[in-house]
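K.L.:
Numbering (the working numbering), first residue to last: 1 to 147. Structure in structure tokens, see below.
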């Protein structure tokens, strides 16, 4: 009986932690391929260790991490987001890029017309952080969001 009580308290504590992180339960797991398609890109063919999620409360946010071949990082970014510019908010990254999908007046930026039906909220920007773990592998973290 004491074991059950300890288990119950541990489970309740985990639920409290989850509620504090996402009080309205708006975050869900999503495939990284789907998240990156929403962000006008694609998941690299050899991506592994994928962990992505989508949150939709006040704004929509797709974020995630995965690993890929280090030698393919530059081409993947260039092919997916040709207008990507160096990002300024990734002090720990070996490579940081930022993409704006809309102009200052809110119209789609050149090359980023809506890839989805008009009733789907589209992201306005994307940030990608790349950390080279060794000579062969890079760890990628991305975030795409609406206003």
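Just so it is clear, CB atoms sit at the ideal spot from N, CA and C, and this is done for glycine as well.
For residue 79 versus residue 132, is the C-beta distance shorter than 8 Å?
P.N.:
no
K.L.:
Quick one, are the C-beta atoms of residue 47 and residue 67 less than 8 Å apart?
P.N.:
With contacts defined as CB atoms closer than 8 Å, residue 47 and residue 67 qualify as a contacting pair.
K.L.:
Tell me the residue span of the alpha helix (DSSP H) that contains residue 137.
P.N.:
Residue 137 -> not in any alpha helix (DSSP H); beta strand (DSSP E) instead, spanning 137-145.
K.L.:
Should residue 121 be labelled buried (16 or more other beta-carbon atoms within 10 Å of its own) or exposed?
P.N.:
exposed
K.L.:
Could you give the uninterrupted runs of the alpha helix (DSSP H) lying entirely in the region 88-117, keeping only those of 4 residues or more?
P.N.:
none
K.L.:
Alpha carbon to alpha carbon, what distance is there between residue 105 and residue 135?
P.N.:
42 Å
K.L.:
Looking only at its chain, what residues have a beta carbon closer than 6 Å to the beta carbon of residue 90, apart from the 5 residues adjacent to it on each side?
P.N.:
Only 96, 129 meet the Cβ criterion.
K.L.:
Nearest to residue 140 by CA position, among 63, 30, 99, is which residue?
P.N.:
63
K.L.:
Within its chain, find whatever has a CB closer than 7 Å to the CB of residue 28; leave out the 5 residues flanking it on each side and keep chain order.
P.N.:
53, 54
K.L.:
Can you find the residues in the same chain that come closer than 7 Å, C-beta to C-beta, to residue 112, ignoring five residues on each side of it along the sequence?
P.N.:
40, 101
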